[in-house]
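Data first, discussion second: the structure below is written as structure tokens.
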Amino acid sequence: MTDLSLGLAALLMTSLLLGGVRVACGPTRADRMLAAQFLTTSSVAILLLLAEALDRPALRNLSLAFVALATLTTIAFTQAYSEGKRADE
């Protein structure tokens, strides 16, 4: 089970790197934000897999902190984006 968890974490790390390209050169701000949310989701999955494989419960707490920050970031982006849309109209 440990080998499977570490293998899946490595696979997710590869997708994390590819998602970073999307954040860097996304065509719109919304695309970049969606890619950043994908990066957060992948990071949380990696942390949870590593917590299980390495028997480190502190990584679970770190993943919860990532989820909380991602939620706040999404709320802030949505508010700023919707205010910008209203100003354009």
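All the letters of the sequence shown, read from the start, carry residue numbers 0 to 88 under numbering that gives the first Met the number 0.
Here a beta-carbon is modelled for each residue, glycine too, at the ideal position from N, C-alpha and C.
Just so it is clear, the structure is predicted and the values come from calculations on it, not from any experiment.
Here R55 is not near L47, since their CB atoms are 8 Å or more apart. The beta carbon of F37 sits closer than 6 Å to the beta carbons of G18 from its chain, once the five residues preceding and following it are set aside; these are given in chain order. Of all alpha-carbon atoms in A35, A52 and S41, the one lying nearest the alpha-carbon of L5 is that of A52. Between A34 and Y80, the C-beta gap is not smaller than 8 Å, which leaves the two residues out of contact. Here A8 is buried, its C-beta having at least 16 other C-beta atoms within 10 Å. Relative to the Cα of S42, the nearest Cα in the group N60, T1, Q78 and G25 belongs to N60.
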